[in-house]
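Asker:
Residue numbers (our numbering): 26 to 765.
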């Protein structure tokens, strides 16, 4: 902006304007006195005072110094020098331009002042009102726009003498381009002598901005309790916990320190009726950071906590922490994660047996009409959504009753496992063509068969429900975040997020419904389908074996063998039934029904057993959360594995990571205590332990250590490198190398 443009745009008078007017008025005033005589002296005195008022105000301010994007000057809260000096550097900044705070953010540099040439002044220090956040070319910066005063606290060396201030002000101003400036300013204050300080016209303005300088004594009712470095799957976060005597409105925090790092705008979550705030800011390393830069963990950070007009400043040492329960993401983002997590559930092992049945249905549509295909797949999607809403309702009711809730908790009930085993076995027998017994219409879709009829909407609906029920033992990426958020909130949030999960899992079905030719263009069914059905039947039997293994853990091996024998007899009866005369076949059907009824006695067969640890590994101890603090105080590393026999992802973690390689060596270290919390059966203590971390599903793994007494959580899908790194962080030393 050129000088002429600034003069025209500014609302403040310049020499060409107010200065010329002042000179004209003074000239006419003097001419008037010459003709008016003594009678006009009184009026002239009044006018003289009024005209001299602006000049008097200038005695406590330096002249404005113009630059292309604004102007600046020094102002004083007093007209004279009386010991302690309260000054201000006043900026009037052109529209759209900014200057920088003491910590500029990802770009820029702050105002600095060189006091060389000054006389009778010492300890002059800039004070910084709370800044605003700005973004320039996707870089986040902190600073000021429009008008601002930077207060300056100084003192007078010789109280009886005048003060001469000579300031060289260096600063940077930016819009789309950045322009550095150096301005020279002069301000002289006469000595107060034995008199009192005379308050200047600039004092209210300086005090206005002094009130915006963050307090360091906590007098505004704001306190920063702690600053923690938190490790997540997506990188590191800085978590700040703060309290307020009155409810927070929109807290923000500016982080200084850790020169090798930059900190994003924080997300925040309020608890305790709004009087407690947890803020999380993402940590990233600066491009220019050297490899030898000091680590963030353990270093001091200066935190400026801002809430409206209130601001406090505290310096704290960072500790290693654990992400607080709950979500800091906007609710819309949580819903998006829920949709994505539901979509990924389709490829998890728990769902594959049911999807294999649906795959057979897809193949059956080869060469068929598009209308039945569309209706079938819409019905499957509706079944999925319906099942998720029922699950949400059950969880809401359980939580209202005070029971522990979580993802997949229905697999903790032996009778549920029995029912699933019977259904899966019947599906497998039907795949092998052993029977076509008519079952209730809501299962058979009016077709009289257990397996979903290709064009039956009711059978497709049932298959969607069944797929959802079998999906719950699996933990897919993003699923834990969405479910954890839902179960930590109220009924409305639970219903909304479970609806999003259902819609996400329904996406493949809705896609085929939208484009039914994806199915009808397949080859027509033929003899090759018999081979496919036999293979899918074996897949379903594998699912039944998995369910029986869960039952063996929950009830007893004897109970699992009992149910396995009943299911084997069921398949045998169905096999023989096909060879019986037509008149005897109803008796075979009755035998199948009787075997199904007998299966409900499985939980009473044998004695229930409890396994505190895996028999194949003696390192695992009983889960005892109350013992963890003392073990950590004794210098131990504690690894907690919350698992269950019905949790497929837990078994994958165990077989591919925890029982192999470096992770296994760490767990066998004498300084490591491994605890396994088995959630195969309901356990209120384990449910409460999960809830304390904001988790409601498994797998869940935590590492405690001297550097991490609150525990560090691991991702749901374990990797050896992540496990090793977390052990190292929690212990502060290399266990494998024997370091200390």
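We treat Cβ as the ideally placed atom computed from N, Cα and C, and that holds for glycine.
Assuming residue 188 contacts residue 252 under a Cβ cut-off of 8 Å, what Cβ separation, rounded to an integer in Å, is found between them?
Answerer: In fact, because the Cβ distance is near 41 Å, the residues do not count as touching under 8 Å.
Asker: Among 218, 447, 213, 367, which one has its Cα closest to the Cα of residue 576?
Answerer: Selected option, being the one with the closest Cα: 447.
Asker: Compute the minimum distance between the beta carbon of residue 620 and the heavy atoms of the ligand SAH, and state whether it is under 7 Å.
Answerer: You won't find the ligand SAH in this model; it holds no ligand whatsoever.
Asker: Using a Cβ-Cβ cutoff of less than 7 Å, which residues in the same chain neighbour residue 239 once the five nearest sequence positions on both sides are dropped?
Answerer: Contacts found: 155, 329, 336, 337, 338.
Asker: Terminal residues of the continuous alpha helix (DSSP H) containing residue 590?
Answerer: Its alpha helix (DSSP H) spans residues 582 to 602.
Asker: Can you pull the DSSP bridge partners for residue 231?
Answerer: Answer is none; residue 231 lacks a bridge partner.
Asker: Decide if residue 751 is buried, meaning its Cβ has at least 16 other Cβ atoms within 10 Å, or exposed.
Answerer: Answer is buried; the Cβ neighbour count reaches 16.
Asker: Does DSSP classify residue 270 as helix, strand or coil?
Answerer: Here residue 270 sits in coil by DSSP.
Asker: How about residue 110 and residue 138: are their beta carbons less than 8 Å apart?
Answerer: No, they are not a contact pair.
Asker: Measure the beta-carbon distance from residue 149 to residue 186 and round it to whole angstroms, keeping in mind my assumption that it falls under 8 Å.
Answerer: That pair is no contact at about 16 Å.
Asker: Please identify the residue among 523, 292, 287, 326 whose C-alpha is closest to the C-alpha of residue 349.
Answerer: Among 523, 292, 287, 326, the Cα nearest to that of residue 349 is on 292.
Asker: Taking the Cβ atom as the reference point for each residue, do residue 266 and residue 326 lie within a distance shorter than 8 Å?
Answerer: No.
Asker: Determine the burial state of residue 164: buried for a count of at least 16 other Cβ atoms within 10 Å of its Cβ, exposed for fewer.
Answerer: With fewer than 16 other Cβ atoms within 10 Å, it is exposed.
Asker: Specify the secondary structure class of residue 218 as computed by DSSP and reduced to three states.
Answerer: DSSP places residue 218 in coil when its eight states are reduced to three.
Asker: Rounded to a whole number of angstroms, what is the C-alpha to C-alpha distance between residue 677 and residue 125?
Answerer: Those two C-alpha atoms are separated by around 52 Å.
Asker: Do residue 570 and residue 599 count as a contact pair if the criterion is CB distance below 8 Å?
Answerer: Taking 8 Å as the Cβ cut-off, residue 599 and residue 570 do not qualify as a contacting pair.
Asker: State the Cα-Cα distance for the pair residue 122 and residue 172, rounded to the nearest angstrom.
Answerer: Cα to Cα, the separation comes out at about 11 Å.
Asker: Find out if the Cβ-Cβ distance for the pair residue 627, residue 670 is shorter than 8 Å.
Answerer: The answer is no: Cβ separation not under 8 Å.
Asker: According to DSSP, simplified to helix, strand and coil, what is residue 675?
Answerer: Three-state DSSP puts residue 675 in a helix.
Asker: Going by other Cβ atoms of all chains shown within 10 Å of its Cβ, with 16 needed for buried, is residue 87 buried or exposed?
Answerer: Burial call: buried.
Asker: Please tell me whether residue 601 and residue 614 are closer than 8 Å, where the distance is taken between their beta carbons.
Answerer: No, these two residues do not count as a Cβ contact at 8 Å.
Asker: Compare the Cα-Cα distances from residue 176 to each of 456, 213, 116 and report the closest residue.
Answerer: The candidate whose alpha carbon is nearest that of residue 176 is 116.
Asker: Leaving aside the five residues before and after residue 693 along the sequence, list all residues of the same chain whose C-beta is less than 7 Å from its C-beta, in chain order.
Answerer: Same-chain partners within the cutoff: 644.
Asker: Can you tell me the Cα-Cα spacing of residue 307 and residue 256, whole angstroms?
Answerer: Those two C-alpha atoms are separated by around 10 Å.
Asker: Pick helix, strand or coil for residue 205, following the three-state DSSP scheme.
Answerer: Here residue 205 sits in strand by DSSP.
Asker: Quick check: the Cα distance between residue 161 and residue 368, rounded to an integer number of angstroms?
Answerer: Approximately 37 Å, taken between the alpha carbons.
Asker: In or out: residue 783 buried (at least 16 other Cβ within 10 Å) or exposed?
Answerer: Only positions 26 to 765 of the chain appear in the structure, and residue 783 is not among them; the question remains open.
Asker: Please check the pair residue 538 and residue 412, which I expect to be a contact at CB under 8 Å, by giving their CB distance rounded to whole angstroms.
Answerer: Actually they are not in contact, since the Cβ atoms of residue 538 and residue 412 sit about 18 Å apart, beyond 8 Å.
Asker: Could you check the C-alpha separation between residue 270 and residue 333 for me, to the nearest Å?
Answerer: For residue 270 and residue 333, the distance between alpha carbons rounds to 14 Å.
Asker: If we count the other Cβ atoms within 10 Å of its Cβ and call it buried at 16 or more, is residue 607 buried or exposed?
Answerer: When all chains shown are included, residue 607 counts as exposed.
Asker: Using a Cβ-Cβ cut-off of 7 Å (strictly less than) and excluding sequence neighbours within five positions of residue 360, which residues of its own chain qualify?
Answerer: Once the five neighbours on either side are set aside, the close Cβ partners of residue 360 are 521, 522, 525.
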